[in-house]
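Student:
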Amino acid sequence: MKSFVISSPFGKENLRIEETQKPAEIEGNVTIRVKKAGLNPVDYNVINGKILYNLAPLPHVPGSEIYGTVETDGKHVKKGDAVIIYPRVFDGTCEYCLSGREYLCPNGGIWGVVSNGGYTDYVSVPEKQVFKLDRDMDSDIAVSLPVGGLTAYHALKRANAAPGQSVLVYGASGNTGTFAMQIAASMGLEVYAVSRNSWVTEFGATEVFSPNGIPDNFKVDIVIDSLGASFWENSVKHVTNGGSIVTFGVQTGRESKLDIGDLYTREIQMIGSTGGNRKELVELIKMTARKSFMVRVAKKFNLYDLKDAMGFFETKVGGRIILEN
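So in our numbering, spot 60 of the sequence shown is number 53, and the numbers just go up one at a time.
If you want it as structure tokens, here you go:
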């Protein structure tokens, strides 16, 4: 079989296609034929050498989100089942895993970062990470659930989002942003978006602001900020007293000034959020089937045209990049 492999020096120009061995059958694992994969910021940064902490093994097969079909029977999934992978490696025995917070496991990490990932023909994955889908679920949506969808859902749950509240979503045209809007709207929240793209109204936003066009006196109960430093002060500015800011990205920088007095006198809750757990992924799969969520695909590429897809990613066009195999 074929796999995309990267090692030092990193960068898309150093990606190479290699012939690799099809995974052997391992007790507790299932083999999956990769049909589709996503290209997201984690994958992009792994390939460009910007995520080196705990990157293993080397040489490395990147790719943190896939959709595929089962090749070998497991206890809960059978050959031919359409599946997605929970994108976290975890030991299942630490205090975090035992309390339903597998995503914080100190002995784990992101699948496709601390382990080989999905830019290949076949993968072998512990069955505890494999989740069956209804056959009629759109595969573009399915491959978008484990990272962007789950991150958005977990962030809203971390903020204790409730019907009747309002939410402002930064980065609304990205995969996580479109899911955040749709999930929030389905939960009964009033959704506002920050984007240069008017099409985000199709995903549940009642009003769209340009990055510099939010009225000074505009306030919401929850701010979803996946962009980082450049928007941090505005996030604080536009959250109501007693409101919450949920952050899970540093695309525009890791460091920002914070008025601590503003934080405590207004009782603003600053919430870090990362990924989500397997229970939430199951909930999201069911919610997606029930609510008919959508995904905006910017462009599709053959999996082995990954270098071209990396170049397209750099244009920062809103929407998903899907790799087909």
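We put the beta carbon where it would ideally sit given N, CA and C, even for glycine.
#1: Counting along the chain, where does the alpha helix (DSSP H) carrying M303 start and finish?
#2: Which term fits E11, buried or exposed, when burial requires 16 or more other beta carbons within 10 angstroms of its beta carbon?
#3: Pull up the distance between the alpha-carbon of V213 and that of K71, whole angstroms please.
#4: DSSP puts R283 in a beta bridge; with which residues?
#5: Quick one: grab the DSSP three-state call for S179.
#6: Check this for me: beta carbons of V76 and L126, under 8 Å apart or not?
#7: Assign N7 to one of three DSSP states: helix, strand, or coil.
#8: Give me the Cα-Cα distance between V243 and S219, rounded to the nearest whole angstrom.
#9: If you count every other CB in all the chains shown that lies within 10 Å of the CB of I176, and 16 or more means buried, which is it?
#10: Say whether the stretch 281 to 292 touches the stretch 304 to 312, bearing in mind that this needs 3 or more beta-carbon pairs closer than 8 Å, one atom from each stretch.
#11: Measure the CB-CB distance between E195 and S159 and report whether it falls below 8 Å.
#12: Looking at C-beta atoms only, is the number of pairs between the stretch 78 to 93 and the stretch 229 to 240 that lie closer than 8 Å three or more?
#13: Go ahead and label K29 buried or exposed: buried means 16 or more other beta carbons lie within 10 angstroms of its beta carbon, across all protein chains shown.
#14: Roughly how many angstroms lie between the CA atoms of G21 and Y79, to the nearest whole one?
#15: In terms of residues, what are the limits of the beta strand (DSSP E) holding E95?
#16: Starting from T233 and walking both ways along the beta strand (DSSP E), at which residues does that stretch end?
#17: Rounded to the nearest angstrom, how far is the Cβ of S249 from that of W225, given a contact under 8 Å?
#18: Tell me, please, which residues DSSP counts as bridged to L256.
#19: How would you label R247, buried or exposed, when you count the other beta carbons within 10 angstroms and need 16 or more for buried?
#20: Look at the alpha carbon of H231 and the alpha carbon of G221, and state the distance between them as a whole number of angstroms.
#21: Just the C-alpha distance for G142 and E18, rounded to the nearest angstrom, thanks.
#22: Where do the ends of the beta strand (DSSP E) carrying T24 lie?
#23: Is N270 near G93, with beta carbons less than 8 Å apart?
#24: Which residue's Cα is closest to the Cα of P34: F211, D298, F(-3) and T169?
#25: State the DSSP-derived secondary structure class of L220, mapped to helix, strand or coil.
#26: For a cutoff of 8 Å on Cβ pairs, would you count I238 as touching chain B?
#27: By a C-beta neighbour count over all protein chains shown, 10 Å radius and 16 as the cutoff for buried, is E95 buried or exposed?
#28: Enumerated in chain order, which unbroken segments of the alpha helix (DSSP H) with a length of 4 residues or greater are wholly contained in the stretch 52 to 103?
Tutor: Short version:
#1: Where M303 is concerned, the enclosing alpha helix (DSSP H) stretches over L299 to F306.
#2: Per the 10 Å Cβ criterion, exposed.
#3: For V213 and K71, the gap between their C-alpha atoms comes out near 46 Å.
#4: Partner(s): none; R283 has no beta bridge.
#5: Residue state, collapsed to three classes: helix.
#6: Contact: yes.
#7: Three-state DSSP puts N7 in a helix.
#8: The straight-line gap from Cα to Cα measures roughly 7 Å.
#9: I176 should be labelled buried.
#10: Judged by Cβ distances under 8 Å, the stretch 281 to 292 makes contact with the stretch 304 to 312, as three or more pairs qualify.
#11: No; because the gap between Cβ atoms is not below 8 Å, this pair is not in contact.
#12: Not touching, per the Cβ criterion.
#13: So K29 ends up on the buried side.
#14: Cα atoms of G21 and Y79: separation of roughly 15 Å, rounded to the nearest angstrom.
#15: DSSP places E95 outside any beta strand (DSSP E), giving it a letter other than H or E.
#16: Where T233 is concerned, the enclosing beta strand (DSSP E) stretches over V232 to T240.
#17: About 4 Å separates the two Cβ atoms, so the contact holds.
#18: L256 has no beta-bridge partner at all, per DSSP.
#19: By the 10 Å Cβ count, R247 comes out exposed.
#20: The alpha-carbon atoms of H231 and G221 are separated by roughly 15 Å.
#21: Between the alpha carbons of G142 and E18 lies a distance of about 30 Å.
#22: Start and end: N22 to G31.
#23: Closer than 8 Å, so yes.
#24: Cα-wise, what sits closest to P34 is T169.
#25: Secondary structure at L220: coil, using DSSP grouped into helix, strand and coil.
#26: Looking for chain B here will not work: only one protein chain is present.
#27: Buried is the label assigned to E95, since at least 16 other Cβ atoms lie within 10 Å of its Cβ.
#28: Taken in chain order, the whole alpha helix (DSSP H) runs of length 4 or more contained in the stretch 52 to 103 are 88 to 91.
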